[in-house]
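The opening position of the sequence shown corresponds to residue 146 in our numbering, with each subsequent residue numbered one higher. Idealized CB from N, CA, C, for every residue including glycine. Keep in mind the model is a prediction, meaning the values are calculated, not measured. Accompanying notes for the structure given below.
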Amino acid sequence: FYKRIPVAHIEAGLRSHDINSPFPEELNRKIAGDIATWHFAPTIQARDNLIAEGKDAGAIFVTGNTVIDTLLHFSGAIDADKLMSAKLATHFPFLDPAKKMILVTGHRRENFDGGIHRICAALKRLAVREDVQIVYPVHPNPNVCSVVNE
146 FYKRIPVAHI EAGLRSHDIN SPFPEELNRK IAGDIATWHF APTIQARDNL IAEGKDAGAI
206 FVTGNTVIDT LLHFSGAIDA DKLMSAKLAT HFPFLDPAKK MILVTGHRRE NFDGGIHRIC
266 AALKRLAVRE DVQIVYPVHP NPNVCSVVNE
């Protein structure tokens, strides 16, 4: 930006509409949006947020969710690569491909005030189902791992 190089904002338009929550992420998102030349929004709602803020609709591209897109890409790659499938089965023998997998991320600061407890309570209710398995790569932040490991 300072060198007049165009800026592309990935996951543009995500808004809580509360400058203090999450802090400082919400402010950083707005600043990134103000200096960006191109806005790559994950959803229609994110695009609409940018348009409501006066961003040029022609510079906004709805691209999808980076995490979901990555999961879909690698899921397909794993299915197509028998060697990779075998390695994963060796490293993670507890995973059952016949079951539905719930992949959880819940490390955001805005979840610290009770959110992590509610997420874990919901996961406990789901864990009794025999047709699902839960994979939760737990963030090392003590505010997260202490609650999840309870």
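- Pairing H184 with I213 gives a Cβ-Cβ distance that is not under 7 Å.
- Using a 10 angstroms sphere on the CB of K232, the tally of other CB atoms stays under 16, which defines it as exposed.
- Secondary structure at I155: strand, using DSSP grouped into helix, strand and coil.
- DSSP places K245 in the strand class (E or B) of the three-state scheme.
- For I176, there are no CB contacts under 8 Å within the same chain when 5 residues up- and downstream are skipped.
- Rounded to the nearest whole angstrom, the C-alpha separation of E170 and T235 is 38 Å.
- Taking 4 residues as the minimum length, the alpha helix (DSSP H) runs contained wholly in the stretch 156-187 are 170-180, in order along the chain.
- Per DSSP, V283 has no beta-bridge partner at all.
- In the three-state DSSP reduction, V293 falls in the helix class (H, G or I).
- DSSP, read as helix, strand or coil, puts F206 in strand.
- DSSP places I223 inside the alpha helix (DSSP H), whose first and last residues are T211 to A225.
- V293 is a Cβ neighbour of V283, given a cutoff of 7 Å.
- Following the DSSP letters along the chain, one finds I150 in no alpha helix (DSSP H), marked with neither H nor E.
- Remark: fewer than three beta-carbon pairs, one from each stretch, lie closer than 8 Å, so the stretch 220-229 and the stretch 186-202 are not flagged as touching.
- Counting the other Cβ atoms within 10 Å of the Cβ of G199 gives fewer than 16, which makes it exposed.
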